[in-house]
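Student: Got a structure here, written out as structure tokens. Questions coming.
Residue numbers (UniProt numbering), protein chains in the order written: chain A, 1 to 212; chain U, 1 to 447.
Given below as structure tokens:
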């Protein structure tokens, strides 16, 4: 694939109304993202910094805990998280350079998000699901590719239940140092250390300001 | 071939839960204590009461990733080294002068069950932060003491391994602590994730220096280091085979087959675990102790194809992968542990699985394994080779979702000292440490 296809040097900026969304839900998603994700964010929000008590004591020696856990798990089995929902979580992250969101810049694209096993497949709530997000950075030699990837990973790890494993990669050929960036983003220890770096953390917080 | 199986059942988690990601839990070599790293501190648990013994806090500004107990300490003293994302390693001492006569063991065994809240402040006072070892440029990711406790190795994202020597008066007060940098090893091309010293087992000695260090890296390789005749630490082997970051490594804790050099087990982001064996010439083994120079020249010939022996002997070593453990994990293997008592191996990782493996039959001699794999490698493609290599190890049992939906960062064998143990101080259990902040012991029964 020619590089030019993927370079976004003069990024096309999509209007918010052009972005993929679930039609009936558009309104609530745009107007009230806070309330929409409450059920997702609240029990999880602190993770990885401080996981909630509800899910931390498995296998539980305590019946009450289990009851709470079941109620909590039911919420997920009722409404599985699909690609669109993942998209909604990360497309609103701001680009560190351009005054637009990753969705508007097509750094994050709905067809490049994969949930396995498919959200339509019902699973034990403890079973792992993998979310793969392929990013298309705006510039080929974007030194900020790692930062964008980190923001996406941090956002998803905060927002998704703990049985979701998040893999963030650069879309094939879109970025000169793909392998390096991908390896860094896949490294839990490096990600954890990066999130403790104040400068980086400040940058991420700013990027994530627009999404909840 | 008897088909043994392992029943792995959860025991009550250590109290209290930490409610945040915990990285690793390291048992004391002899006492019933377990040190767990989480956030910028270490919580020490008593394995007698299965509850909090003490906390090491206030020494590091960022997460503590790794911890190691310094071996060979006087009876009334505990010593820990911490490795932190703040790029430093910290040295901590617990001196218990009041109960010096009684000995720390009794102290540790009998107390610790006191109310959690009250003991906190007292406990904090008892650990003294003695020394900061500075030098690494980035996060320290691993720390390890050699068997005598004289050397400490630290490793970092800055791609280096540092070796420090305890030059303070051994057995003296914490006040005259002095550590010297002996070596900075910078041959890895990526973060060094873990370091491990070869244990003091028969078979370790005999060639070069006694102490052997191994390091695992983000560059997908493992390196073996030894001290040469001039006191320089040099890389004697690069172990290549993993297709992802090598997260950790452990030396074979005991060699059941006499003088064989211990093997090395490694685990990786490629979801595999490998066992590596030093190629020891058969004749050389027989010669050992009789005619050292003869053994050397033979080794020299085989290694370097007849270069005259007037040159300083080569320290190059041939290590080869002699086993790939059965592939059970689907994501990165973050931790594995090899029991000195039973030879059983357990592993854990990103997929939440806890797996126990056994080696089918102890290898009669290193040479057998090597011949097998060499023959297989010649005969056919890699697939068959792998199959053959994996044949020696078998899965005895596994637990899914060992920490619920969370990742498991660490697992270790350790002795049981709690009331439920049948043989205190002898019986082994597994302990896993997870992103959920739970430290969970597991009973493993082989039947």
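Here a beta-carbon is modelled for each residue, glycine too, at the ideal position from N, C-alpha and C.
#1: Just the C-alpha distance for residue 87/A and residue 166/A, rounded to the nearest angstrom, thanks.
#2: For the segment 177-202 of chain A, which residues have a CB atom closer than 8 Å to at least one CB atom of chain U, in sequence order?
#3: Looking at the C-beta of residue 243/U, does it have a partner C-beta in chain A at a distance below 7 Å?
#4: Taking Cβ positions, are residue 93/U and residue 40/U nearer each other than 7 Å?
#5: Helix, strand or coil: how does DSSP classify residue 265/U here?
#6: Do you know how far the Cα of residue 24/U is from the Cα of residue 420/U?
#7: Between the alpha carbons of residue 154/A and residue 146/A, how many angstroms are there, rounded?
#8: What is the residue span of the alpha helix (DSSP H) that residue 411/U lies within?
#9: Identify the contact partners of residue 29/U in chain A, using a Cβ-Cβ distance below 8 Å as the criterion.
#10: Ends of the alpha helix (DSSP H) at residue 201/A?
#11: The alpha helix (DSSP H) that contains residue 179/A, what's its start and end?
#12: Are the C-beta atoms of residue 444/U and some chain A residue less than 7 Å apart?
#13: Who are the neighbours of residue 268/U on chain A, taking C-beta pairs under 9 Å?
#14: Helix, strand or coil for residue 213/A, going by three-state DSSP, please let me know.
#15: Answer yes or no: does any C-beta atom of chain U fall closer than 7 Å to that of residue 126/A?
#16: Spatial neighbours of residue 15/U within its chain, please: CB distance less than 6 Å, with the 5 preceding and 5 following residues excluded, ordered by chain position.
#17: Does the segment 187-201 of chain A come within contact of the segment 439-447 of chain U, defined as at least 3 CB pairs closer than 8 Å?
#18: Below 7 Å CB to CB, which residues in the same chain sit around residue 208/A once its five sequence neighbours on both sides are set aside?
#19: Using a cut-off of 7 Å between C-beta atoms, extract the partners of residue 151/U located in chain A.
#20: Where does residue 298/U fall in DSSP's three states?
#21: Give the interface partners of residue 139/U over in chain A, defined as CB-CB distance under 7 Å, in chain order.
#22: Output the boundary residues of the alpha helix (DSSP H) element that contains residue 87/U.
#23: Mind listing the chain A neighbours of residue 85/U? Cutoff is C-beta to C-beta under 8 Å, in chain order.
#24: What is the DSSP secondary structure of residue 87/A, counted as helix, strand or coil?
#25: Would the segment 5-14 of chain U count as touching the segment 172-181 of chain A if we require 3 or more Cβ pairs under 8 Å?
#26: Using alpha carbons as the reference points, say which of 426/U, 434/U, 61/U and 405/U lies closest to residue 124/A.
#27: Can you give me the Cβ contacts of residue 181/A inside the same chain, cut-off strictly under 7 Å, excluding the 5 residues immediately before and after it?
#28: Secondary structure at residue 215/A, three-state DSSP: helix, strand or coil?
#29: Helix, strand or coil: how does DSSP classify residue 217/U here?
#30: For residue 156/A, report the span of its alpha helix (DSSP H) as first-last.
#31: Could you compute how far the alpha carbon of residue 473/U sits from the alpha carbon of residue 152/U?
#32: I need the straight-line Cα distance from residue 393/U to residue 408/U, nearest angstrom please.
#33: Mark residue 184/U as exposed unless 16 or more other C-beta atoms lie within 10 angstroms of its C-beta, in which case mark it buried.
#34: Using the C-alpha atoms, what's the distance from residue 16/A back to residue 265/U?
#35: Give every residue of the same chain whose Cβ lies closer than 6 Å to the Cβ of residue 188/U, excluding the five residues on either side of it in the sequence, and list them in chain order.
#36: Measuring alpha carbon to alpha carbon, tell me which residue in 270/U, 22/U, 30/U and 276/U is nearest residue 426/U.
Tutor: Based on what the coordinates show:
#1: Within the first chain, the letter at position 87 stands for residue 87/A. Within the first chain, the letter at position 166 stands for residue 166/A. Computed Cα separation, rounded: 13 Å.
#2: In summary, the residues of the segment 177-202 of chain A whose CB is separated from some CB of chain U by less than 8 Å are 183, 186, 187, 188, 189, 190, 192, 193 and 196, in the order they occur in the chain.
#3: Position 243 of the second chain, counted from the start, is the residue given in the question as residue 243/U. No - not a single Cβ of chain A is within 7 Å of the one on residue 243/U.
#4: The count along the second chain starts at 1 and reaches residue 93/U at position 93. The count along the second chain starts at 1 and reaches residue 40/U at position 40. Result no, Cβ atoms of residue 93/U and residue 40/U do not sit closer than 7 Å.
#5: Indexing the second chain from 1 puts residue 265/U at position 265. Secondary structure at residue 265/U: strand, using DSSP grouped into helix, strand and coil.
#6: Here residue 420/U refers to the residue found at position 420 when the second chain is read from its first residue. Here residue 24/U refers to the residue found at position 24 when the second chain is read from its first residue. If you take the alpha carbons of residue 420/U and residue 24/U, they lie about 24 Å apart.
#7: To locate residue 154/A, count along the first chain from 1; it is residue 154. To locate residue 146/A, count along the first chain from 1; it is residue 146. Cα to Cα, residue 154/A sits roughly 12 Å from residue 146/A.
#8: Along the second chain, one-based indexing puts residue 411/U at 411. No alpha helix (DSSP H) contains residue 411/U, which is instead part of the beta strand (DSSP E) from 408-415.
#9: The sequence position of residue 29/U within the second chain is 29, counting from 1. Simply none; closest approach about 26 Å.
#10: Locating residue 201/A in the first chain gives position 201, counting from the first residue. It spans 198-208 - the alpha helix (DSSP H) in which residue 201/A sits, taken as one unbroken run.
#11: As a position in the first chain, residue 179/A is number 179, starting the count at 1. From DSSP, the alpha helix (DSSP H) with residue 179/A extends over 178-186.
#12: Looking up residue 444/U in the second chain gives position 444. Not one chain A Cβ lies under 7 Å of residue 444/U.
#13: As a working mapping, residue 268/U is identified with position 268 in the second chain. Correct list: empty, because the minimum Cβ distance to chain A is about 12 Å.
#14: The question about residue 213/A has no answer here: the residues shown for chain A are numbered 1 through 212.
#15: As a first step, residue 126/A must be located in the first chain, where it is residue number 126. Interface residue, yes.
#16: In the second chain, counting from the first residue as 1, residue 15/U sits at position 15. 51.
#17: no
#18: Within the first chain, numbered from 1, the residue matching residue 208/A stands at position 208. Residues of the same chain with a CB within less than 7 Å of the CB of residue 208/A, apart from the 5 flanking positions on each side, are 93, 151 and 155 in chain order.
#19: Sequence index remark: in the second chain, residue 151/U carries index 151 (1-based). The contacting residues do not exist; residue 151/U stays about 24 Å from chain A at best.
#20: Looking up residue 298/U in the second chain gives position 298. Confidence in residue 298/U is poor, its pLDDT being 42 and thus under 50, which makes the residue's placement too unreliable to answer from.
#21: Along the second chain, one-based indexing puts residue 139/U at 139. Result: 193.
#22: Sequence index remark: in the second chain, residue 87/U carries index 87 (1-based). From DSSP, residue 87/U is part of no alpha helix (DSSP H); its letter is neither H nor E.
#23: Counted from its first residue, the second chain places residue 85/U at position 85. 192, 193 and 196, listed in chain order.
#24: The residue you call residue 87/A lines up with position 87 of the first chain. Helix, per DSSP.
#25: no
#26: The residue you call residue 124/A lines up with position 124 of the first chain. Of the candidates 426/U, 434/U, 61/U and 405/U, the one whose C-alpha sits nearest the C-alpha of residue 124/A is 405/U.
#27: The sequence position of residue 181/A within the first chain is 181, counting from 1. Hits under 7 Å: 145, 146, 149, 170 and 175.
#28: Only positions 1 to 212 of chain A appear in this structure, which leaves residue 215/A out of reach.
#29: As a working note, residue 217/U is residue 217 in the second chain. Strand, per DSSP.
#30: Within the first chain, residue 156/A is the residue found at index 156, counting from 1. Counting along the chain, the unbroken alpha helix (DSSP H) around residue 156/A starts and ends at 145-159.
#31: Look at the range of chain U in this structure, 1 to 447, and you will see that residue 473/U is not part of it.
#32: As a working mapping, residue 393/U is identified with position 393 in the second chain. As a working mapping, residue 408/U is identified with position 408 in the second chain. Their backbone Cα atoms lie some 22 Å apart in a straight line.
#33: The residue labelled residue 184/U in the question sits at position 184 within the second chain. With fewer than 16 other Cβ atoms within 10 Å, it is exposed.
#34: Residue mapping note: residue 265/U aligns to position 265 of the second chain, counting from 1. Residue mapping note: residue 16/A aligns to position 16 of the first chain, counting from 1. Those two C-alpha atoms are separated by around 53 Å.
#35: What you label residue 188/U is simply residue 188 of the second chain in a count that begins at 1. Taken in chain order, the residues that qualify are 159, 217 and 219.
#36: Start at 1 with the first residue of the second chain, and residue 426/U comes out as number 426. Taking only the C-alpha atoms, the option nearest residue 426/U is 30/U.
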